[in-house]
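The structure appears below as structure tokens.
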Amino acid sequence: MADSGPLLTTPLNAAHRALGAKMVPFAGYDMPVQYPTGVLAEHLWTRESAGLFDVSHMGQCFLIPADGQFETAARALEALVPADVLSLQHGQQRYSQFTNSEGGILDDLMITRLGLSGHEHWIYLVVNAACKDADFAHMSAHLPAGVTLKIADGLALIAVQGPKAVAAVARLAPAVSSLVFMTSMDTEVAGIWCHVSRTGYTGEDGVEISVKNEDVARLTAKLLEDETIKPIGLGARDSLRLEAGLCLYGHDIDTTTSPVEGGLTWSIQKRRRIEGGFPGAARIQAEIAKGASRVRVGLLPEGKAPAREGCEIVDPASGSVVGRVVSGGYGPSVGGPVAMGYVPKALSAPGTALHLMVRGKPLPASVVRLPFVPNRYHRS
Amino acid sequence: MTNVRYTKDHEYIRIDGDVGTVGITDYAQAQLGDVVYVELPTPGKMVTQGGEAAVVESVKAASEVYAPISGEVVAVNAGLPDQPATINESPEDKGWFMKIRIGNASELDGLMDEAAYKAYLETLG
Numbered sequence: 328m329a330d331s332g333p334l335l336t337t338p339l340n341a342a343h344r345a346l347g348a349k350m351v352p353f354a355g356y357d358m359p360v361q362y363p364t365g366v367l368a369e370h371l372w373t374r375e376s377a378g379l380f381d382v383s384h385m386g387q388c389f390l391i392p393a394d395g396q397f398e399t400a401a402r403a404l405e406a407l408v409p410a411d412v413l414s415l416q417h418g419q420q421r422y423s424q425f426t427n428s429e430g431g432i433l434d435d436l437m438i439t440r441l442g443l444s445g446h447e448h449w450i451y452l453v454v455n456a457a458c459k460d461a462d463f464a465h466m467s468a469h470l471p472a473g474v475t476l477k478i479a480d481g482l483a484l485i486a487v488q489g490p491k492a493v494a495a496v497a498r499l500a501p502a503v504s505s506l507v508f509m510t511s512m513d514t515e516v517a518g519i520w521c522h523v524s525r526t527g528y529t530g531e532d533g534v535e536i537s538v539k540n541e542d543v544a545r546l547t548a549k550l551l552e553d554e555t556i557k558p559i560g561l562g563a564r565d566s567l568r569l570e571a572g573l574c575l576y577g578h579d580i581d582t583t584t585s586p587v588e589g590g591l592t593w594s595i596q597k598r599r600r601i602e603g604g605f606p607g608a609a610r611i612q613a614e615i616a617k618g619a620s621r622v623r624v625g626l627l628p629e630g631k632a633p634a635r636e637g638c639e640i641v642d643p644a645s646g647s648v649v650g651r652v653v654s655g656g657y658g659p660s661v662g663g664p665v666a667m668g669y670v671p672k673a674l675s676a677p678g679t680a681l682h683l684m685v686r687g688k689p690l691p692a693s694v695v696r697l698p699f700v701p702n703r704y705h706r707s
Numbered sequence: 017m018t019n020v021r022y023t024k025d026h027e028y029i030r031i032d033g034d035v036g037t038v039g040i041t042d043y044a045q046a047q048l049g050d051v052v053y054v055e056l057p058t059p060g061k062m063v064t065q066g067g068e069a070a071v072v073e074s075v076k077a078a079s080e081v082y083a084p085i086s087g088e089v090v091a092v093n094a095g096l097p098d099q100p101a102t103i104n105e106s107p108e109d110k111g112w113f114m115k116i117r118i119g120n121a122s123e124l125d126g127l128m129d130e131a132a133y134k135a136y137l138e139t140l141g
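Here the protein sequences come in this chain order: A and B. To convert, count from 1 in the first sequence and add 327; that's our numbering. To convert, count from 1 in the second sequence and add 16; that's our numbering.
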């Protein structure tokens, strides 16, 4: 976690201030929580048009095999994550987690095999800001001698998300429209070198763009010239990802939750489920086979009161506390409160009636399928 | 002449005879951001100065609204829970929360008048 020293800044700090952002400390960085239009308008704009997010606080790095063989880097990473890295095609991306020996989650991350000619043996990772120092130390401690960790602190990262995002970026870089969900390319955008991935954290179609620190302000200004794109702060980023049913590390998943409990089994490909070979494999394989005793579910409160992180979940039949809300708030696109929490397997079926304790009062809620808002990824 | 008093937690109370109309200030609504939920007390409830009287929630967070003075809640702004954005649009007029019958007028002496509240806001930067 962040030290209590002076806040770090991203290369877009001055741009955020010029746009009138309200700045807050987040993971040790001075970040925009909202712009003058506010969280509600920013959230809805992203769902109907396109939003631009500065996520340069996140950690970016490369794994580079000395022998030039992608397989060497992939096998080294597979020793730390349960995803199938070996089968990644040029430019392909996968979501995964660093697990510990107990099968808990140290962080979640995006793994990409670069498609850039001459760099197809490189692996590019994006990890959470609050975990990046620990993640880099974890990798340094466990990578074999033949694989080098190269921390990319010279790179910024922005996300452009929403139904009009890709069309807007493609006006500056036409090739981007050929990407499908979870693939990437290296291309110029408005004449600036960028690594563009068709991915995101809002449930919408869109891209994340990795770009040199010295170029990101120019790229951002160019993108914001497009009337379909507006800047969006961390407040709306959180409500968008919550409606999309996506996990926020340290809240929805942490060292006490396994990927299976977290509803992330889909991110463990078949070969890894069978072979194991990642930290905590014994527990995770057993949970995949027999089911976890508790699971992350969507919770839809019946009334208007938001049930936030930490609220107890009570089984109305027994009156006992069966779990806690891990993320919760108001979903602007849903038009009401939405939450996620962990409940025992027996109480996890959609439609199950539960109570959420808000300010000492039991509020009726039901288990629902995630996401709360259908995702609109461009899969083909 | 209106007689309005303010708390350091950014509630106001507009005094009219022995009844005070309570809400949150424009500064408070700007700090909160978009209000999406409000929970009001039931009329007849006795509140104590500094005690929790209502709840207001933005997209991001929940905040308590504290009673600026002690007394009985004699009325609430019943339309507010259906139109919580009124608190952002008109915090010190249409977005009022409740009316409290002033139990102990001497409690008002500890609150700020408009000039003192403005000076207080300046200290917050």
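From the three backbone atoms N, C-alpha and C, an ideal C-beta is built for every residue, glycine too. Remember, predicted model here, so these are calculated numbers, not experimental data.
Pull the bridge partners of Y451/A from the DSSP assignment, please. F389/A and T439/A
Can you tell which of R21/B, V54/B, T139/B and N93/B has the C-alpha that lies nearest to the C-alpha of S79/B? V54/B
Name the chain A residues that come within less than 9 Å of A69/B, Cβ to Cβ? Within chain A, no residue comes near A69/B; the closest Cβ sits about 13 Å away, beyond 9 Å.
Between which two residues does the beta strand (DSSP E) containing F425/A stretch? Q420 to T426
Do you know how far the Cα of V20/B is from the Cα of R30/B? Computed Cα separation, rounded: 4 Å.
D50/B: contacting residues in chain A (beta-carbon distance under 7 Å): Listed by position along chain A, the residues whose Cβ is nearer than 7 Å to that of D50/B are G365, V366 and L367.
For the alpha helix (DSSP H) containing V366/A, name the first residue and the last one. V366 to E375
Looking only at its chain, what residues have a beta carbon closer than 6 Å to the beta carbon of A329/A, apart from the 5 residues adjacent to it on each side? Low local confidence applies: a pLDDT of 45 at A329/A is under 50, so the model's placement there is unreliable, with the coordinate-based value given in what follows. Correct list, in chain order: A354 and G355.
For S74/B, list the residues DSSP reports as bridge partners. V51/B
Please look up how many angstroms separate the CB atoms of P107/B and T23/B, rounded, as I've assumed it's under 8 Å. Their Cβ separation, rounded to whole angstroms, is 14 Å, which puts P107/B and T23/B out of contact at 8 Å.
Can you confirm whether the segment 661-678 of chain A touches the segment 612-630 of chain A when touching is taken to mean that 3 or more C-beta pairs between the two stretches lie within less than 8 Å? yes
With H, G and I counted as helix, E and B as strand and the rest as coil, what does DSSP make of G126/B? Three-state DSSP puts G126/B in a helix.
Enumerate in chain order the residues of its own chain whose CB-to-CB distance from G678/A is below 7 Å, with the five nearest sequence positions on each side excluded. S693 and V694
Compute the beta-carbon to beta-carbon distance between D435/A and I580/A, rounded to the nearest angstrom, for a pair I have assumed lies under 8 Å. 6 Å
Within chain A, partners of V75/B - CB distance below 7 Å: Near V75/B (Cβ distances below 7 Å), the residues of chain A are V366, L367, G562, S566, G656, Y657 and P659.
Starting from E88/B, find everything on chain E with Cβ-Cβ shorter than 9 Å and list it in chain order. The structure shown contains no chain E; the protein chains it does contain are A and B.
Measure the Cβ-Cβ separation of P698/A and L371/A and say whether it is below 7 Å. no
In three-state terms, what does DSSP make of D42/B? Note: D42/B maps to helix in three-state DSSP.
Contact check, E73/B vs P689/A, beta carbons under 7 Å: no
Kindly say whether A632/A, judged by its beta-carbon, lies nearer than 7 Å to any beta-carbon of chain B. yes
What span of residues does the alpha helix (DSSP H) with S566/A cover, start to end? L561 to E570
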